[in-house]
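The structure appears right after this line, and notes come after that.
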Amino acid sequence: MVKLSVIVPFYNVQQYAPDTLRSLKANAREDFEFILVDDCSRDGTPGILARAERELPGAVLVRHEQNGGLATARNTGIDRARGEYLTFLDGDDWLAPGYFRQLVGAIEELGVDFLRTDHVQCTARARQVHRVPVGRRNQVLNPREAILPADRSTSVDYAFAWAGVYHRRLVDKGLLHFTDGLRTAEDRPWIWKLHREAESFAAVSLLGVFYRRGVASSLTQIGDVRQLDFIRAFDQVIAETAADRDADALLPKAVRTYCAIISHHLGSIERFEPAVAKKLKSLSAAALRRMPQDVLDEALDSMDVQRATKLRRLRRRPAAAGAAA
Numbered sequence: 000m001v002k003l004s005v006i007v008p009f010y011n012v013q014q015y016a017p018d019t020l021r022s023l024k025a026n027a028r029e030d031f032e033f034i035l036v037d038d039c040s041r042d043g044t045p046g047i048l049a050r051a052e053r054e055l056p057g058a059v060l061v062r063h064e065q066n067g068g069l070a071t072a073r074n075t076g077i078d079r080a081r082g083e084y085l086t087f088l089d090g091d092d093w094l095a096p097g098y099f100r101q102l103v104g105a106i107e108e109l110g111v112d113f114l115r116t117d118h119v120q121c122t123a124r125a126r127q128v129h130r131v132p133v134g135r136r137n138q139v140l141n142p143r144e145a146i147l148p149a150d151r152s153t154s155v156d157y158a159f160a161w162a163g164v165y166h167r168r169l170v171d172k173g174l175l176h177f178t179d180g181l182r183t184a185e186d187r188p189w190i191w192k193l194h195r196e197a198e199s200f201a202a203v204s205l206l207g208v209f210y211r212r213g214v215a216s217s218l219t220q221i222g223d224v225r226q227l228d229f230i231r232a233f234d235q236v237i238a239e240t241a242a243d244r245d246a247d248a249l250l251p252k253a254v255r256t257y258c259a260i261i262s263h264h265l266g267s268i269e270r271f272e273p274a275v276a277k278k279l280k281s282l283s284a285a286a287l288r289r290m291p292q293d294v295l296d297e298a299l300d301s302m303d304v305q306r307a308t309k310l311r312r313l314r315r316r317p318a319a320a321g322a323a324a
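In numbering that gives the first Met the number 0, the protein residues as written are 0 to 324.
See below:
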């Protein structure tokens with residue numbers, strides 16, 4: 000019986016994959032499996048993973064014939080997973096030794112559908128601890144109640160899939176898969192779905208994931224058209240939340256978060272290629288007009304003047320042909 004399945008997508012991370020794999024080896028246990036998904040890497044990553052398949056206990060190597068993006072690679076891993084519990088790691092991050100043993104012990108003790116953990120963000124030599132925005136620790140909680148309030152950072156804003164562990168019953172209920180093909184913000188519809196539809200969760204003060212920021216090949220550092228998938232991701236969040244039984248209560252949070260992400264991208268628009276920057280503006284304007292306008296008005300009224308003014312001006316922007324995500 001496999002206790003834990005660890006799903007690790009890799010794409011062109013030859014510089015970092017050896018550290019990732021060493022940390023997996025330091026977490027190996029006879030009832031753990033490591034599903035290594037090569038998302039059609041074009042550098043030295045495939046060779047590194049071929050060696051890992053031979054040398055890493057519990058390794059299962061899966062290769063994509065074409066690059067599908069992080070969401071699709073994770074789904075491949077979920078479909079191959081045999082564990083009672085599932086978790087994730089990205090191919091350029093790493094773990095503390097023995098972390099997975101502690102993670103499994105915590106979720107077994109609490110008996111919840113999913114567990115959320117803190118993590119360490121690593122930017123060059125700097126280290127910073129990031130906490131799950133949930134005040135009550137080591138307690139069984141209702142996931143829906145952790146979505147609100149709308150004007151504060153909550154658990155749905157802490158969307159990192161690798162910062163936690165998930166019971167297999169979430170797979171059986173259709174709650175753990177990601178939206179295929181999303182290249183960025185793939186974890187936003189995913190975390191909202193978990194919090195709307197799962198029955199229980201908990202947050203624990205367990206540090207063991209080291210998240211590498213500032214990687215040159217990361218989509219967060221690349222200003223190409225794939226970044227604009229956040230529009231599709233948040234459109235999905237809005238549509239699914241609007242259909243929820245508590246839509247009136249939850250939509251203000253979803254709309255406010257969507258606005259904050261649009262504002263964030265507009266604030267760093269210079270990193271985008273010129274054609275992509277133009278498309279960012281047109282798609283964002285169209286997205287603002289698609290939102291429930293009364294909820295949007297309330298969200299803008301609650302934001303700081305600078306951001307609200309910028310978004311109101313964008314909403315008035317004339318619609319461009321083909322301005323759809």
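Cβ atoms here follow ideal geometry from the backbone N, Cα and C, with glycine treated the same way.
Using a Cβ-Cβ cut-off of 8 Å (strictly less than) and excluding sequence neighbours within five positions of residue i, which residues of its own chain qualify?
i      : result
Trp191 : Ile146, Val155, Val236, Glu239, Thr240, Ala253
Val61  : Ile34, Leu35, Val36, Asp37, Thr75, Gly76, Arg79
Leu313 : Ile261, Leu265, Lys280, Ser283, Ala284, Leu287
Arg115 : Val131, Val133, Ser154, Tyr157, Ala162, Gly163, Phe200, Ala201, Ala202, Val203
Val170 : Ile77, Ala80, Leu85, His176
Can you find the residues in the same chain that come closer than 7 Å, C-beta to C-beta, to residue i, ignoring five residues on each side of it along the sequence?
i      : result
Pro56  : Ala27
Arg153 : Note on identity: in this sequence residue 153 is Thr, with Arg being the wrong assignment. Here the set comprises Pro132, Ala145, Ile146, Leu147.
Leu181 : Gly68, Ala70, Asp228, Arg231, Ala232
Arg311 : Leu299
Thr308 : none
Pro45  : Asp37
Can you find the residues in the same chain that come closer than 6 Å, C-beta to C-beta, to residue i, ignoring five residues on each side of it along the sequence?
i      : result
Tyr257 : Phe233
His129 : His118, Gln120
Val294 : Leu250, Pro251, Val254
Arg316 : Ala284
Using the Cα positions of residue i and residue j, report the straight-line distance between them to the nearest angstrom.
i      : j      : result
Asp296 : Val224 : 29 Å
Ile260 : Leu279 : 12 Å
Arg211 : Leu88  : 11 Å
Leu218 : Leu3   : For Leu218, the predicted model reports a pLDDT of 49, less than 50, meaning its position is unreliable; a value from the coordinates is still stated below. If I take the Cα positions, the gap works out to 28 Å.
Trp189 : Leu175 : 7 Å
Pro291 : Leu250 : 9 Å
Leu205 : Asn137 : 10 Å
Glu52  : Val59  : 6 Å
Asp303 : Ala149 : 15 Å
Using the Cβ count rule (16 or more neighbours within 10 Å means buried), how would you classify residue i?
i      : result
Asp30  : exposed
Gln220 : In this predicted model, Gln220 has a pLDDT of only 48, less than 50, meaning its place in the structure is not dependable; the value taken from the coordinates is given anyway. So Gln220 ends up on the exposed side.
Ala274 : exposed
Glu32  : buried
Gly82  : buried
His194 : buried
Asn141 : exposed
Gly173 : exposed
For the 8 Å Cβ check, are there 3 or more pairs between the region 121-139 and the region 178-195? no
3 or more residues per run - each beta strand (DSSP E) lying fully within the region 109-162: 113-116, 118-122, 125-129
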